[in-house]
Amino acid sequence: MAGNESFLLRVQKEYEQQTPCILVDAGDGVDTSTLLADNEYLAAVLLTHAHLDHYKSLDEAHRDGAPILTSPGTEAILEDILAEGVRHHSMSDPDAILERVESINDWADVVGDDISVAPVPAGHTPGACGFLIRAHDGQESFRALATGDFTRRDAGGYVGFDSEQFLEVDALFLTAATNDAVDETVTDILETLAARANAGSKTLCTASGLTGVHLTTLLGRIEHELDYSIPIILVGQVAKLYDALEYDYPHVETIPEFSVPHDCLEAGSVTIAGPEVPVEGSSERLFEAIRDDGNATLVQVQGGNTTAKDAGDFAGTVFSFEFSNHPTEAVLDEVVETIAPTHVVITHQSGRSLTRYKDKWDAYTWATGDSGSEQLYQNGRFCPPNWIGDAAKQRVRNRDEQRSVIDVGDGVLQAAASIPELERRETASLEREGVDVTRLRDELHIGHSEEEVATNTVEPKAETDPTQNACVTSAHVTDEGVYRTAGQPSSDHEYIIPSPEEVADKIANPTVVNVLCDSASAESDISSDGTTAERTSKANKKEISGKDADSSEEDDAATETETADETTKREYTEQTENRGEDENTSASDSTMSETTAEMATGAVTDETVTVHIDPVIRTLTERQASNEGESTEAFVESAIRTYLAEALRGNEPWSETTRVTERKLTIDADPALEQLIATTAANNDESDAESFVVRTLCDAIGLDIDDRELPIGALEEMDELIVATTENDSCPHEEKDEIVQAALERRVL
Numbered sequence: 001m002a003g004n005e006s007f008l009l010r011v012q013k014e015y016e017q018q019t020p021c022i023l024v025d026a027g028d029g030v031d032t033s034t035l036l037a038d039n040e041y042l043a044a045v046l047l048t049h050a051h052l053d054h055y056k057s058l059d060e061a062h063r064d065g066a067p068i069l070t071s072p073g074t075e076a077i078l079e080d081i082l083a084e085g086v087r088h089h090s091m092s093d094p095d096a097i098l099e100r101v102e103s104i105n106d107w108a109d110v111v112g113d114d115i116s117v118a119p120v121p122a123g124h125t126p127g128a129c130g131f132l133i134r135a136h137d138g139q140e141s142f143r144a145l146a147t148g149d150f151t152r153r154d155a156g157g158y159v160g161f162d163s164e165q166f167l168e169v170d171a172l173f174l175t176a177a178t179n180d181a182v183d184e185t186v187t188d189i190l191e192t193l194a195a196r197a198n199a200g201s202k203t204l205c206t207a208s209g210l211t212g213v214h215l216t217t218l219l220g221r222i223e224h225e226l227d228y229s230i231p232i233i234l235v236g237q238v239a240k241l242y243d244a245l246e247y248d249y250p251h252v253e254t255i256p257e258f259s260v261p262h263d264c265l266e267a268g269s270v271t272i273a274g275p276e277v278p279v280e281g282s283s284e285r286l287f288e289a290i291r292d293d294g295n296a297t298l299v300q301v302q303g304g305n306t307t308a309k310d311a312g313d314f315a316g317t318v319f320s321f322e323f324s325n326h327p328t329e330a331v332l333d334e335v336v337e338t339i340a341p342t343h344v345v346i347t348h349q350s351g352r353s354l355t356r357y358k359d360k361w362d363a364y365t366w367a368t369g370d371s372g373s374e375q376l377y378q379n380g381r382f383c384p385p386n387w388i389g390d391a392a393k394q395r396v397r398n399r400d401e402q403r404s405v406i407d408v409g410d411g412v413l414q415a416a417a418s419i420p421e422l423e424r425r426e427t428a429s430l431e432r433e434g435v436d437v438t439r440l441r442d443e444l445h446i447g448h449s450e451e452e453v454a455t456n457t458v459e460p461k462a463e464t465d466p467t468q469n470a471c472v473t474s475a476h477v478t479d480e481g482v483y484r485t486a487g488q489p490s491s492d493h494e495y496i497i498p499s500p501e502e503v504a505d506k507i508a509n510p511t512v513v514n515v516l517c518d519s520a521s522a523e524s525d526i527s528s529d530g531t532t533a534e535r536t537s538k539a540n541k542k543e544i545s546g547k548d549a550d551s552s553e554e555d556d557a558a559t560e561t562e563t564a565d566e567t568t569k570r571e572y573t574e575q576t577e578n579r580g581e582d583e584n585t586s587a588s589d590s591t592m593s594e595t596t597a598e599m600a601t602g603a604v605t606d607e608t609v610t611v612h613i614d615p616v617i618r619t620l621t622e623r624q625a626s627n628e629g630e631s632t633e634a635f636v637e638s639a640i641r642t643y644l645a646e647a648l649r650g651n652e653p654w655s656e657t658t659r660v661t662e663r664k665l666t667i668d669a670d671p672a673l674e675q676l677i678a679t680t681a682a683n684n685d686e687s688d689a690e691s692f693v694v695r696t697l698c699d700a701i702g703l704d705i706d707d708r709e710l711p712i713g714a715l716e717e718m719d720e721l722i723v724a725t726t727e728n729d730s731c732p733h734e735e736k737d738e739i740v741q742a743a744l745e746r747r748v749l
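In structure tokens form, the structure reads like this:
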């Protein structure tokens, strides 16, 4: 399977002749007849959501009468989804599949009470979920978490993924598809649709079924939160899924079947239909009805490798947006740090995008992407990959040893056994969905004077002008947006140092259960996970130059291929509480002294502590923080807290750092150049050529090697933890400065 979306878990006990297996998703190319041996059987299929790349092989993969477990939301739409699968994707027997589908919202036994599964919120798309998988034998247990495709932000009111909810996870199956652009892109899409409809244009939005439903809920919330009414007409598959999920937003009309396309298109309204490019199905018929209308608008919301319509295909104004709802790369790091699993198994990546995760985290990280079998646990020990170094192995072993000696209280056991509630909020929120409400309000001139609105409102064009056709691709943002955007941290996103009892792993290791993971796909260097597209600024909209897409085969149920960008760029934009400040003001060193105490307490304080560290480490810190879309102070605080947490877990994070004590540089030059450098150094009163070259390079890159000061706003809050760490007999640090230096070295080197 090209996208590496699916995997198979074997839970093997020594005394059982038949081994139960659990398949998580059934994407393209999953063949259980070759995956399962004669002494193995399919105990269950876990379906995370109803996107094509996760269910395409469901009819072929299903066997042994296994239940197909999913969320109530996905079950509600699955009949309509599979009907499209039969028409467009060669699915043969949807009725047999539907008979085995069971929706669950709590723990459900799969093999007696030895193996149980439970769905957990995942955001991403309406109805999506992840799964907790629990295998146990007597007092021993093994606990895995499959995130599925996820976001921390909500999706159509369905609650997002919250890593803080999972206290005990031995193996984390992490979907690593990322997109740093989603928040800005979805805001652009909503602004474009609302503005064009408000200008009186017949506006056709083409999107896959669930994406169309998701956009409808956001447009509906604009009316509720911003008092900005947008009539919406849903057609075909989008209408069916909206009705099946029992949404009920005002001014939304659903037309599942239609005979006259013009009846579904009205000036001043947004009509949403699939597929995502109008080359067949409902969207094609609707597009043909407005093709020659110079006042009409086509907005294409694409998630897959489809070719958009361009100016040569349409008399009106055309837009195209790349949209895939995934977390940022930084969110993946936070998820792994928070859950702290022994194993991390990467899914939904392939080729070079996959291998970059092998040494990324302090865990046994599996990033093979092949169709072989990998063993996670055997004979009382977790099994590391062969590429893991000794230091990483020791850290994991220390954690395992702590699990066997720490007394587990009843409250902790109950918390570990509980699961977050799988729900759809009664009232959705644009902010929780990742929409920049302030920018949307400004773009739509909400609250502006009538004179301002008249000056800025976009009117439908009176005649065809190909240069007005625009392509708006995925924009780029600095964080995932629901809990935190760029700039100063929000009190909604607290960083709390847990006690040693909370940090340590508390459930005893299983001694009998063997867990093996089969990736149900073959490794491919083809980037089916795609790339995150660069945003084309609204001030620089360009004409689409896409190829004719009439040959593409997409349908209303076809869904976006979730994308990840192995070379994703990150931009850092400082956002202050006063949005009236000059947006071009650069983030200077003074921003490091602004308080971030609210990250831990929710309260704001002006107190800072200045430490002294190596200036090169300080400069590397500032640059990496900018690259990751964080303020320097937030980056520093996160590094320190992570370092202290590792120490509290009983690990020795200082073993991974080497204190920089002297600037060194070896010069390898020809004799003439060596002589020139030495002479120039002497003329500049430098003691030696190496020192001269070091200072010259530092000057060239703007590094003040004498500036060692680094102000930190929340360091006093961590004072007790720092003191406790320095008093550890094995800790080489004696001062705060040394703790900060080592924590940052560990992050940036």
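Here full-length UniProt numbering is used: the first residue of the sequence shown is 1, the next is one more, and so on.
Quick reminder that beta carbons are idealized off the backbone N, C-alpha and C, glycines included.
If you're wondering where the values come from, they're calculated on a predicted model, not measured in any experiment.
Quiz prompt | CB of PHE314 within 8 Å of CB of ASP188, strictly | solution = Stepping through the sequence shown from its first residue, residue 314 is reached at position 314. Stepping through the sequence shown from its first residue, residue 188 is reached at position 188. No, they are not a contact pair.
Quiz item: Looking only at C-alpha atoms, which of ILE677, ARG291, GLU709 and THR726 sits nearest to LEU697?
Solution: Taking the first residue of the sequence shown as position 1, residue 697 is located at position 697. Of ILE677, ARG291, GLU709 and THR726, the residue nearest in Cα terms is ILE677.
Practice problem: State yes or no: is the C-beta of PHE323 within less than 8 Å of the C-beta of GLN302? | Solution: Taking the sequence shown and counting its residues from 1, one reaches residue 323 at position 323. Taking the sequence shown and counting its residues from 1, one reaches residue 302 at position 302. Contact flag set, yes.
Quiz item: Would DSSP call TRP366 helix, strand or coil?
Solution: Counting from one through the sequence shown, the residue named residue 366 turns up at place 366. Here TRP366 sits in strand by DSSP.
Quiz item: For VAL30, which of helix, strand or coil comes out of DSSP?
Solution: Here residue 30 is taken as the residue at index 30 of the sequence shown, counted from 1. DSSP places VAL30 in coil when its eight states are reduced to three.
Exercise. Mind listing, in chain order, the continuous alpha helix (DSSP H) runs of no fewer than 4 residues lying wholly within the stretch 170–201?
Key: List check, alpha helix (DSSP H) in window: 182–198.
Quiz item: When the distance is taken between beta carbons, is PRO341 closer than 8 Å to GLN170?
Solution: Position 170 of the sequence shown, counted from the first residue, corresponds to residue 170. Position 341 of the sequence shown, counted from the first residue, corresponds to residue 341. Note on residue identity: the sequence assigns Asp, not Gln, to residue 170. It is a contact, given that the beta carbons lie within the stated cut-off.
Practice problem: Quickly, what does DSSP pair CYS205 with across the bridge? List them, please. | Solution: What you label residue 205 is simply residue 205 of the sequence shown in a count that begins at 1. DSSP output for CYS205 lists ILE272 and VAL299 as bridge partner(s).
Quiz prompt | Per-residue burial, GLY27 [other beta carbons within 10 Å of its own, 16 or more giving buried] | solution = Taking the first residue of the sequence shown as position 1, residue 27 is located at position 27. It is buried - the Cβ of GLY27 has at least 16 other Cβ atoms within 10 Å.
Quiz item: At what residues does the beta strand (DSSP E) containing HIS612 begin and finish?
Solution: Position 612 of the sequence shown, counting from 1, holds the residue named residue 612. It spans 609–612 - the beta strand (DSSP E) in which HIS612 sits, taken as one unbroken run.
Quiz item: Going by other Cβ atoms of all chains shown within 10 Å of its Cβ, with 16 needed for buried, is PRO732 buried or exposed?
Solution: To locate residue 732, count along the sequence shown from 1; it is residue 732. Classification for PRO732: exposed.
Quiz item: What first and last residue would you give for the alpha helix (DSSP H) that runs through ALA742?
Solution: Position 742 of the sequence shown, counted from the first residue, corresponds to residue 742. Unbroken alpha helix (DSSP H) run through ALA742: 736–748.
Quiz item: Are GLU734 and THR726 close, meaning C-beta to C-beta below 8 Å?
Solution: Sequence index remark: in the sequence shown, residue 734 carries index 734 (1-based). Sequence index remark: in the sequence shown, residue 726 carries index 726 (1-based). Against a cut-off of 8 Å, the Cβ pair of THR726 and GLU734 comes out as a contact.
Quiz item: Does the count of Cβ pairs from the stretch 39–46 and the stretch 61–81 closer than 8 Å reach three?
Solution: Touching, yes.
Quiz item: When burial is assigned at 16 or more other CB atoms within 10 Å of the CB, is SER283 buried or exposed?
Solution: As a first step, residue 283 must be located in the sequence shown, where it is residue number 283. Buried, since its Cβ has 16 or more Cβ neighbours within 10 Å.
Quiz item: With distances taken from CA atoms, which of ASP248, SER418, PRO275 and LEU648 is nearest THR206?
Solution: For this step, residue 206 is matched to residue 206 along the sequence shown. Minimum Cα distance to THR206 is reached at PRO275.
Exercise. Determine contact between the stretch 114–131 and the stretch 80–93, defined as no fewer than three beta-carbon pairs at a distance below 8 Å.
Key: no
Self-check item: Neighbourhood of SER588 by C-beta, 7 Å cutoff - its chain only, sequence neighbours within 5 removed
Solution: On the sequence shown, residue 588 is found 588 positions in, with the first residue counted as 1. Any answer about SER588 is weak, because its pLDDT of 36 lies below 50 and its placement is not dependable; what the coordinates show is given next. Answer for SER588: no residue qualifies.
Quiz prompt | Contact check, ALA199 vs TYR228, beta carbons under 8 Å | solution = Here the question's residue 199 lines up with position 199 in the sequence shown. Here the question's residue 228 lines up with position 228 in the sequence shown. Result no, Cβ atoms of ALA199 and TYR228 do not sit closer than 8 Å.
Quiz item: On the premise that GLY73 lies in contact with ARG395, defined as a C-beta separation below 8 Å, what is that separation, rounded to the nearest angstrom?
Solution: On the sequence shown, residue 395 is found 395 positions in, with the first residue counted as 1. On the sequence shown, residue 73 is found 73 positions in, with the first residue counted as 1. Contact between ARG395 and GLY73 fails: their C-beta atoms lie close to 39 Å from each other, not under 8 Å.
Quiz prompt | Segment limits, beta strand (DSSP E) that includes TYR41 | solution = The count along the sequence shown starts at 1 and reaches residue 41 at position 41. It spans 40–46 - the beta strand (DSSP E) in which TYR41 sits, taken as one unbroken run.
Exercise. Can you tell me the Cβ-Cβ gap for VAL120 and GLY130, rounded? I've got them flagged as a contact below 8 Å.
Key: Taking the first residue of the sequence shown as 1, we reach residue 120 at position 120. Taking the first residue of the sequence shown as 1, we reach residue 130 at position 130. At roughly 5 Å, the Cβ-Cβ gap stays under 8 Å, so VAL120 and GLY130 are in contact.
Quiz item: What's the C-alpha gap between GLU426 and ILE222?
Solution: Position 426 of the sequence shown, counting from 1, holds the residue named residue 426. Position 222 of the sequence shown, counting from 1, holds the residue named residue 222. Each residue's Cα considered, the two are about 16 Å apart.
Quiz item: So, helix, strand or coil for ARG144, using DSSP?
Solution: Here residue 144 refers to the residue found at position 144 of the sequence shown. Residue identity differs from the one stated: residue 144 is Ala in this sequence, not Arg. Residue state, collapsed to three classes: strand.
Quiz item: Are there 16 or more other CB atoms within 10 angstroms of the CB of TRP387, so buried, or fewer, so exposed?
Solution: As a working note, residue 387 is residue 387 in the sequence shown. That one is exposed.
Exercise. Say whether the stretch 428–444 touches the stretch 179–187, bearing in mind that this needs 3 or more beta-carbon pairs closer than 8 Å, one atom from each stretch.
Key: yes
Quiz prompt | Delimiting residues of the beta strand (DSSP E) encompassing PRO67 | solution = Position 67 of the sequence shown, counting from 1, holds the residue named residue 67. PRO67 -> no beta strand (DSSP E), and no H or E assigned at all.
Quiz item: Taking Cβ positions, are ALA37 and LEU69 nearer each other than 8 Å?
Solution: As a first step, residue 37 is located in the sequence shown; it is residue number 37 there, counting from the start. As a first step, residue 69 is located in the sequence shown; it is residue number 69 there, counting from the start. No; because the gap between Cβ atoms is not below 8 Å, this pair is not in contact.
Practice problem: Report buried or exposed for VAL433, applying the criterion of at least 16 other Cβ atoms within 10 angstroms of its Cβ. | Solution: Taking the first residue of the sequence shown as 1, we reach residue 433 at position 433. In the sequence as displayed, the identity of residue 433 is Glu instead of Val. Buried, since its Cβ has 16 or more Cβ neighbours within 10 Å.
Quiz item: Shortest alpha-carbon distance to GLU14 belongs to which of ARG134, GLY380, ALA50 and VAL694?
Solution: To locate residue 14, count along the sequence shown from 1; it is residue 14. If we check each option's Cα against that of GLU14, GLY380 comes out closest.
Exercise. Can you give me the Cβ contacts of GLU102 inside the same chain, cut-off strictly under 8 Å, excluding the 5 residues immediately before and after it?
Key: Within the sequence shown, numbered from 1, the residue matching residue 102 stands at position 102. For GLU102, where only same-chain residues beyond five positions count, the Cβ hits under 8 Å are PRO67, ILE68, LEU69, THR70, GLU75 and ALA108.
Quiz item: When the Cα atoms are used, what is the spatial distance from VAL331 to PRO261?
Solution: Taking the sequence shown and counting its residues from 1, one reaches residue 331 at position 331. Taking the sequence shown and counting its residues from 1, one reaches residue 261 at position 261. Rounded to the nearest angstrom, the two C-alpha atoms are 43 Å apart.
Quiz prompt | Residue range of the alpha helix (DSSP H) that includes GLN624 | solution = Sequence index remark: in the sequence shown, residue 624 carries index 624 (1-based). Annotation: the continuous alpha helix (DSSP H) that includes GLN624 extends over 615–627.
Exercise. Following the continuous beta strand (DSSP E) through HIS343, name the residue where it begins and the one where it ends.
Key: Against the sequence shown, residue 343 aligns to sequence position 343. Element bounds for HIS343: 343–347.
Practice problem: Compute the Euclidean distance between the alpha carbons of ILE419 and VAL159, then round it to the nearest angstrom. | Solution: For the purposes of this step, residue 419 is taken as residue 419 along the sequence shown, with counting starting at 1. For the purposes of this step, residue 159 is taken as residue 159 along the sequence shown, with counting starting at 1. Their Cα atoms are separated by approximately 13 Å.
Quiz prompt | Member of ALA742, GLN18, LEU422 and VAL213 whose CA lies at the smallest distance from the CA of VAL235 | solution = Here residue 235 is taken as the residue at index 235 of the sequence shown, counted from 1. Of ALA742, GLN18, LEU422 and VAL213, the residue nearest in Cα terms is VAL213.
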